[in-house]
Structure formats: C-alpha cells, structure tokens
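In the order they appear, the protein sequences are chains U and F.
Just so we're aligned, residue 38 is where the first sequence starts under my numbering, counting upward by one.
Just so we're aligned, residue 687 is where the second sequence starts under my numbering, counting upward by one.
Positions of the beta carbon are idealized from the N, C-alpha and C atoms, including for glycine.
Taking it in order: structure first as structure tokens, then the write-up.
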Amino acid sequence: MSSESSVAPGLAPEEPNHWRRFLSIWVIASVIGTPLIVLLVGPLLGPSTGSEEAGGQHTIMTVLAAVATPVFMLVVLFIAYSLVYFRQEKGAALEGPAIRGNARVQAVWIVVTSLIVLGLAVYGTYELEDHYGHGSGSGPNPLTVPSGPKLPVQVIAQQWLFTYRYPTYGGVETTHLELPVDQEVEFNVTSLDVIHSFWAYKLGVKADANPGANNIAFVKPTKEESFEVRCAELCGIWHGAMVNPGKVVSATAFNTWIHEQQARLAPATKALPSYSKTYIPEPTRRAE
Amino acid sequence: MSVMAKKVIGVTLAVAVVGVAIALYVADWATSFPPPVSSTVNPVSAGGGANLTIETVGAVGRKVSPANPDWVSYLVKSHGRWVHSTIYTVPANSVVHVTLYEFDSASGLRNQFFSQVQGTVGGTMTLDGKTVNAVNGEEAAHSFAIPELGVFVPLPGVSEAEEEKDFCEEAPCEPGQYHHRTITFSFRTGKKGHYRWQCFVPCGAGFLNGNGGPMQTLGYMDGFIDVV
C-alpha cells in the first residue's frame, strides 16, 4: 500500500492516499460493526446468567468479541480493499514493485498487537482471580477463595457417570446434582478411573476430574433452573452418554431434597468410605 | 505411457484400494450391533408386564465369541435359547421383571455407592430368594445399571471356592449345571426411548482400570434398552 509521500516508482502520480482512505473505511466499519456485534452476537456468546461465574464469563466473551471485531474488520477490509484497488489489470503480467521493509508499519503492528494481547492477558488474569477462578478448576489449592460459608459438593467421575457427594450432609452420594440458589458452592472434583471433565455449561463451571487429584471450582448459582452436566473429556464408549440432570432450587427445596436423599440412600452411604478429597479404590482382582 | 504416468496411476490405485478397505472396515465396525432381543410380554391375566431372563458369565467361550472367548459377558434368553446380545426391547409404561443368573465370581465395585439397589420396584431385589436392598460391594461380580432410568442393581458373584469347583468356561451356562446366584428384580419403564445400560464393576480383566475390552464393547458388558 502506498501513500502520497512515498509513491513507488511506476505508479501514477494521481494515485489517491490509500492509507487515509483505508483507515477511514476501517474506522467507520469498526465504529458501526463493534456495537452491532456486541448487541446482536453478544447475547449468543458464552453461558447464560445461571450463576455469577456464568454471567462473568458472558461479559468476558463479549469484551473479547468487541476487541476482536476491529481486528477482524482490519483483515477482511484490507483484503477487500486490495482486491478492488490493487487488482492487476487484465492482460498485464507485471509484478508489483518490491517493498523491502517499512519500519513504521512494523513498529505499529508490533506495538498494537502486543498491547492487545498483553492487555487481554492482564484483563483475563484479573477477571480469573477476582472471581475465584471464574468457574474453572483451580487445582487443590486455589489462589483466591471466596469468603463466607460455602456448600462443599464433591463431584466423583467414573466410567460413565458422575455422582455427587455432600460431606456436610453425612457424606450422602447421589446421581443428581441439586444446589441451593444464591449459595456459594465449592466443587471438589475427582475421578475414580480415567480423566473426565465436569462441565455444567449453564452454571459456567468446568473442571477436569483427575484420578487421585482434587480440583476445586467455585460457583454461586443465581437462578432457579434445570441444567445439564456433561463430561467434556473423551473417556470411552459411553462418553457421549455421560450426562446428568441438575437443578438449582430454593434453599427450602434443597433442604427437603437432601434430607430425602439421606434417608433413601442410607444403605449406600453406610457402604461408602469416609469422605476424602480423593479416593484410590482397591485394585480389583480382575484389573490386576 | 510414460513412467511418471504409470507411477501416478499406480499410487492412485493403491491409495484408492487402501481407502476403500479402511472405509469398509469402519462401516462394518460401525454397523455391527448385537441382535435386539425382545422381552416376553405377560398377558394381563398374569399380572401384565414383561419378563427378561439374562445371565452373566465369567468367560463367554469360543462358541459364542471366537474373537474374545475369555471376556466376561451378558447373554439373554429368547425363545428358550441363550442369545449373545445386550440390546433388549421392552414395552413402554410397564413393569419389567428381570431374572438374572450370575455365574461369575466377585471383582468388587469401584464405587461402593452402587452397592445399594436403586430404581427397582420397592428399591429391592431378591438374592437367591432373599429380599435385599443392598449387598457387600466387594462381593459384586457385575452390576446392571440404566442410569437414565435411575436403575442400579449390584450382582453378587459366586464364591471363589464354588468357581474353582465348577467354573462355567463356555457360555451359555445353564443354571442346573453350574453354581450361580439367582437375582430377580423389577423396574418400571416410562416413555418410549433408547436407553443405554452398563455394568459398573470394572470387570474387564487385563485392561486399564478393568474398564476396557468387554466393558467398552457392545454385546458384552453394556448395551441398550429399547423401550417401545
């Protein structure tokens, strides 16, 4: 691309100022396009607003889309502009003039892209830790932990089902995940066999389930609704069927439900090992 | 024809042949399902519902499975014959009465949570004629679970002594010939659907975590319940 001040040899002197023209087009397109993307595409991005974490993830996705829009416009418009204005005339077989280095373009490119990437990295890191991992698995010792009371729920993955253990309710284990609304929840995610991944999309929670390891994720559900838990790590023949129903309910309904589970599943609870962050099941005779 | 042209044709043909062979293999694998076996539907005068008679064996044997004779497996009875299938058809909105003969010995549950009988009528099963609502998870040889329907039934195995005495090495195994445990339970079906079922005991001998081989192959330790 040339400008009036640096017209390459062989180009007509009446060549317009492509820099100014292209930048104008790009700025106008970005000013119009970015709000449109935020308003029209933004609501479709990321999980819903089922929890504080999900809402935060939705905001982050929207910010990323807003930042990416001008970059996307730059690339697409540059290609389109070049196709229109720098198209080789029919029958011509000349190569364009060689361009050897442009310190200003390179400097601007490096500085701008570095600022965008570093800015997003800082923003992402801040958001991640400001929201206690933002629903992601933060390992056995999260850097930041929400204050106040938390409901601990252990997620136990096995081929091919998730079960859930509530240590503060006698260690009862269930096949359904039920949570009280507006209550901070601490998921302790582990596996009894291979690597799985606990993914409650609507709640904005995703944490790998590793055998012999505890992976903590925090979430605060804000809406009473049903949701689905899926395994997000290919784990064998029934990976695609490793789906559980889940529900966020009122505190009263949760209390009723958990006490019903305690009574109904008393024999299973009695057979379970003491609550632990991880379990190493006895190797079975056949598996040895 | 030039040497180059011959080479191109040769390579093209070879690639095509290999591609077709791979496609045929994948198609064969993807469409190889055990035959669906229907439960026996009872007349209303006999209480209605449907009956399903199945058995689990410690080694399916060469006659039934030449490729994997030493794998554990389920078999189902159909018209008086044992059939090597794990796809069962049962009626919707009915009670399915299951009779299961367990010929294998214990492997033990990895998660003791499944030692409780869940999702059956009354939350119980009978084990050799005795009604129970839970078993010792260490004694489970296999389990029969339909997670979507909330059905989890642990299946205690025969003792090692009994197994050493008369281990059925070649399916089908007849209850009158070998030591076994008899388990009965009933579960309710709801709407029509295609539900997967599986065993939760890691009984795939010699595979990672005991969950490979027969645990990951349709026709052995998992299958479908077609509610129609």
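* To do: Within 10 angstroms of the Cβ of Glu846/F, are there 16 or more other Cβ atoms? Answer buried if so, exposed if not.
  => Your numbering for residue 846/F matches position 160 in the second sequence. By the 10 Å Cβ count, Glu846/F comes out exposed.
* Less than 8 Å between the CB atoms is what I'm expecting for Thr71/U and Thr96/U, so what's the real figure, rounded? => For the purposes of this step, residue 71/U is identified with residue 34 of the first sequence, where counting begins at 1. For the purposes of this step, residue 96/U is identified with residue 59 of the first sequence, where counting begins at 1. Wrong, their Cβ atoms sit about 15 Å apart, outside the cutoff.
* Asked: Looking at chain F, which residues of the segment 267-299 of chain U have a Cβ within less than 7 Å of any of its Cβ atoms?
  -> Within the segment 267-299 of chain U, the residues whose Cβ lies closer than 7 Å to some Cβ of chain F are Gly273, Ile274, Trp275, Ala278, listed in chain order.
* To do: Keeping to the same chain, check which residues put their C-beta closer than 6 Å to that of Ala324/U; ignore five residues upstream and five downstream.
  => The residue labelled residue 324/U in the question sits at position 287 within the first sequence. Note on Ala324/U: pLDDT 47, under 50, position unreliable in the model; the coordinate value appears next. Non-local C-beta neighbours of Ala324/U in its own chain, meaning closer than 6 Å and more than five positions away in sequence, are absent.
* For the beta strand (DSSP E) containing Pro217/U, list its first residue and its last residue. => Numbered from its first residue, the first sequence carries residue 217/U at position 180. Counting along the chain, the beta strand (DSSP E) containing Pro217/U begins and ends at 214-217.
* C-alpha gap between Lys243/U and Met901/F, whole angstroms -> Position 206 of the first sequence holds residue 243/U. Position 215 of the second sequence holds residue 901/F. Taking the straight line joining both Cα atoms gives about 27 Å.
* So which of Tyr760/F, Val689/F, Val703/F, Val701/F has the shortest CA-CA distance to Ser829/F? -> To locate residue 829/F, count along the second sequence from 1; it is residue 143. Just measuring C-alpha positions, the residue of Tyr760/F, Val689/F, Val703/F, Val701/F sitting nearest Ser829/F is Tyr760/F.
* Asked: For the putative contact between Tyr774/F and Val727/F, defined by C-beta atoms under 8 Å, what is the C-beta separation to the nearest angstrom?
  -> Looking up residue 774/F in the second sequence gives position 88. Looking up residue 727/F in the second sequence gives position 41. Not a contact, Cβ separation roughly 13 Å.
* Taking DSSP as the reference, what is the three-state secondary structure of Trp294/U? -> As a first step, residue 294/U is located in the first sequence; it is residue number 257 there, counting from the start. Trp294/U falls in the helix class under three-state DSSP.
* On the three-state DSSP scale, how would you describe Lys692/F? -> If you number the second sequence from 1, residue 692/F lands on position 6. Note: Lys692/F maps to helix in three-state DSSP.
* Asked: Under a Cβ-count criterion, where at least 16 other Cβ atoms within 10 Å of its own Cβ denotes burial, should Phe910/F be classed as buried or exposed?
  -> Residue numbering aside, residue 910/F sits at position 224 when the second sequence is read from its first letter. Buried is the call here.
* Check the Cβ-Cβ distances between Pro833/F and every residue of chain U, and say whether any is below 7 Å. => The sequence position of residue 833/F within the second sequence is 147, counting from 1. Yes, because at least one Cβ of chain U sits closer than 7 Å to the Cβ of Pro833/F.
* To do: For Asn895/F, go through chain U and note every residue whose CB falls closer than 8 Å to its CB, in chain order.
  => Sequence index remark: in the second sequence, residue 895/F carries index 209 (1-based). The answer, in chain order, is Gln196, Asp230, Val231, Ala324.
* Asked: Looking at C-beta atoms only, is the number of pairs between the segment 819-834 of chain F and the segment 702-717 of chain F that lie closer than 8 Å three or more?
  -> no
* Neighbouring residues, chain F, relative to Ile193/U (Cβ below 9 Å) -> In the first sequence, the residue the question calls residue 193/U occupies position 156. Residues of chain F passing the Cβ test: Asn797, Phe799.
* To do: Determine which residues of the segment 303-317 of chain U have a Cβ less than 9 Å from any Cβ of chain F, and write them out in chain order.
  => Ala303, Pro304, Ala305, Thr306, Lys307, Ala308, Leu309, Pro310, Tyr316
* Asked: Where do the ends of the beta strand (DSSP E) carrying Glu640/F lie?
  -> The displayed coordinates of chain F run from 687 to 914. Any statement about residue 640/F would go beyond what the structure contains.
* Pull up the distance between the alpha-carbon of Met690/F and that of Ala700/F, whole angstroms please. => Reading the second sequence from its first residue, position 4 is the one you call residue 690/F. Reading the second sequence from its first residue, position 14 is the one you call residue 700/F. Whole-angstrom Cα-Cα distance: 15 Å.
* Identify the contact partners of Gln884/F in chain U, using a Cβ-Cβ distance below 7 Å as the criterion. => The residue you call residue 884/F lines up with position 198 of the second sequence. Here the neighbours are Trp197, Trp275.
* Asked: Considering Met687/F, what are the terminal residues of the beta strand (DSSP E) in which it resides?
  -> Start at 1 with the first residue of the second sequence, and residue 687/F comes out as number 1. Careful: Met687/F lies outside any beta strand (DSSP E) and carries neither H nor E.
* To do: Assign Asn797/F to buried or exposed, taking buried as 16 or more other Cβ atoms, counted over all protein chains shown, within 10 Å of its Cβ.
  => Position 111 of the second sequence, counted from the start, is the residue given in the question as residue 797/F. With 16 or more other Cβ atoms within 10 Å, it is buried.
* Roughly how far, in whole angstroms, is the beta-carbon of Asn281/U from the beta-carbon of Leu214/U, given that I think they are within contact range, below 8 Å? -> For the purposes of this step, residue 281/U is identified with residue 244 of the first sequence, where counting begins at 1. For the purposes of this step, residue 214/U is identified with residue 177 of the first sequence, where counting begins at 1. So it is a contact: roughly 6 Å between Cβ atoms.
* Interface residues of chain U around Asp918/F at Cβ under 8 Å? -> Outside the displayed span of chain F (687 to 914) sits residue 918/F, for which this structure offers no information.
* Asked: Under three-state DSSP, which class holds Glu825/F?
  -> Here residue 825/F refers to the residue found at position 139 of the second sequence. Glu825/F falls in the helix class under three-state DSSP.
* Asked: For Gln191/U, does the three-state DSSP call read helix, strand or coil?
  -> Stepping through the first sequence from its first residue, residue 191/U is reached at position 154. In the structure shown, Gln191/U sits in a strand (DSSP, three-state: E or B).
* Are the segment 222-238 of chain U and the segment 881-896 of chain F touching by the rule of at least three beta carbon pairs closer than 8 Å? -> yes
* To do: Please go through the same chain and pick out, in chain order, the residues whose beta-carbon is closer than 6 Å to the beta-carbon of Pro320/U, but skip the five residues on each side of it.
  => Your numbering for residue 320/U matches position 283 in the first sequence. Note that Pro320/U scores 49 on pLDDT, short of 50, meaning its location in the model is unreliable and no value can be drawn from it.
* Under 8 Å Cβ to Cβ from Leu302/U, same chain only, skipping five residues before and after it: list those, please. => For the purposes of this step, residue 302/U is taken as residue 265 along the first sequence, with counting starting at 1. Only Val209, Glu210, Thr211 meet the Cβ criterion.
* To do: Please list the residues of the segment 799-828 of chain F that have a C-beta atom closer than 7 Å to any C-beta atom in chain U, keeping them in chain order.
  => Phe799, Ser801, Gln802, Asn819, Ala820, Gly823
* Stretch-stretch touch, CB-based, cutoff 8 Å, three pairs: the segment 850-864 of chain F with the segment 748-768 of chain F -> yes
* Asked: Relative to the C-alpha of Gly174/U, which residue among Met110/U, Ile253/U, Ala144/U, Gln125/U is closest?
  -> Residue mapping note: residue 174/U aligns to position 137 of the first sequence, counting from 1. Selected option, being the one with the closest Cα: Ile253/U.
* By a C-beta neighbour count over all protein chains shown, 10 Å radius and 16 as the cutoff for buried, is Asn292/U buried or exposed? -> Here residue 292/U corresponds to residue number 255 of the first sequence, with the count starting at 1. That one is exposed.
* From the beta carbon of Val44/U, is the nearest beta carbon of chain F less than 7 Å away? -> The sequence position of residue 44/U within the first sequence is 7, counting from 1. Reliability of the predicted coordinates at Val44/U is poor, the pLDDT of 49 falling under 50, and no value is obtained from them.
* Asked: Out of Val104/U, Asn225/U, Arg57/U, Ser234/U, which has the shortest C-alpha to C-alpha gap to Gly79/U?
  -> Indexing the first sequence from 1 puts residue 79/U at position 42. It is Val104/U whose Cα lies nearest to the Cα of Gly79/U.
* To do: Could you check what DSSP says for Ala702/F in three-state terms: helix, strand or coil?
  => Position 16 of the second sequence holds residue 702/F. Helix.
* Asked: In whole angstroms, what separates the C-alpha of Phe123/U from that of Ile136/U?
  -> By 1-based counting over the first sequence, the position of residue 123/U is 86. By 1-based counting over the first sequence, the position of residue 136/U is 99. Distance between the alpha carbons of Phe123/U and Ile136/U is about 14 Å.
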